[in-house]
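> Position 147 (the sequence shown) corresponds to 170 in my numbering; numbering is contiguous. Glycine included, each C-beta is placed from N, C-alpha and C at the ideal position. All values reported here derive from a predicted model rather than from experimental measurement. Before I ask anything, here is the structure I am working with.
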Amino acid sequence: MCESDGEEFPRPRRQLGEDEILMAHYTELREEIREQSKEIRTRETRSVASIALIAGYAFYADDGLILLSLIPAVIGVAFITHIGASIWLSRLASHVVRIQNLVDVEEFCWEREYGMYASEKFVGMVPYLAFYLTFAILYGSSIAVAYRIVQRTESTVLGYTPEPTHFLAFYILLTVLMILTAIAYLIDYKRNMPNRDRTRASKEDA
């Protein structure tokens, strides 16, 4: 039997067959989560491949170092796309946990015990925190390197010679958009947190 973080979730009475409907819905949502996770990993792989391709060509071509100034843009767009997909993934996970709270079946504990809304998720979050910290360091470093290159070269990118001030303004704007996207994710994550619904239901029944 699934545990509910030390408190029992009030399960309303349901008509015959509703558990089966919820279980079928649970299965569909879990499949959707798996598909979304595969798509996220595929996009991440393509982003890394794009960065490697740009870097390789930049060092191969004559006066190609200016192409390194495109790498922060690729990283920024990849981050925004990743967070957008994570928002949808967290909504799916939240709905799965709500079903787990309603259908008392031991095999349905996975999302609540190990998923995005796990009750004890600090240890599981360590790799993600390390990833985002590493990402922030690489993103900041790529902007610093690209800015120095723009300052020292007059080469063109797609027929345009980037000015250092234009370059800096663009990446400041991109960074602001990335921060806003991350904030939107955190707000959406907290809003969809199943524990809130559980607490609210307990208070209404009290």
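Check each candidate in 123, 107 and 84 and name the one with the smallest Cα separation from residue 60.
The residue with the shortest Cα to Cα distance from residue 60 is 107.
> For residue 99 and residue 43, what's the separation of their Cα atoms in angstroms?
Cα to Cα, residue 99 sits roughly 43 Å from residue 43.
> Would you report the Cα separation of residue 50 and residue 176, rounded to the nearest angstrom?
When rounded, the distance between both Cα atoms is 56 Å.
> Just confirm the distance between the C-beta atoms of residue 120 and residue 187, as a whole number of angstroms; I'd bet it's less than 8 Å.
Going by Cβ atoms, the distance from residue 120 to residue 187 rounds to 49 Å, so no, they are not a contact pair.
> How long is the line joining the alpha carbons of residue 72 and residue 125, rounded to whole angstroms?
Each residue's alpha carbon lies about 43 Å from the other.
> Out of 167, 154 and 97, state which residue places its alpha-carbon closest to the alpha-carbon of residue 76.
When each option's Cα is compared against that of residue 76, the closest is 97.
> From this set, 47, 92, 205 and 200, which residue's C-alpha is nearest residue 122's C-alpha?
Checked all of 47, 92, 205 and 200; the closest Cα to residue 122 is 47.
> Just the Cα atoms here: how many angstroms apart are residue 233 and residue 41?
Absent from the model: residue 233. The displayed extent of the chain is 24 to 229, so no value can be given.
> Tell me, please, whether the segment 79-91 touches the segment 148-161 by the rule of three or more beta-carbon pairs shorter than 8 Å.
No contact exists between the segment 79-91 and the segment 148-161.
> State buried or exposed for residue 167, treating a residue as buried only when at least 16 other CB atoms are found within 10 Å of its CB.
Counting Cβ neighbours within 10 Å, residue 167 comes out exposed, since fewer than 16 surround it.
> Between residue 1 and residue 193, what straight-line distance do the alpha-carbon atoms span, to the nearest angstrom?
There is simply no residue 1 to check, as the chain begins at 24 and stops at 229 in what is shown.
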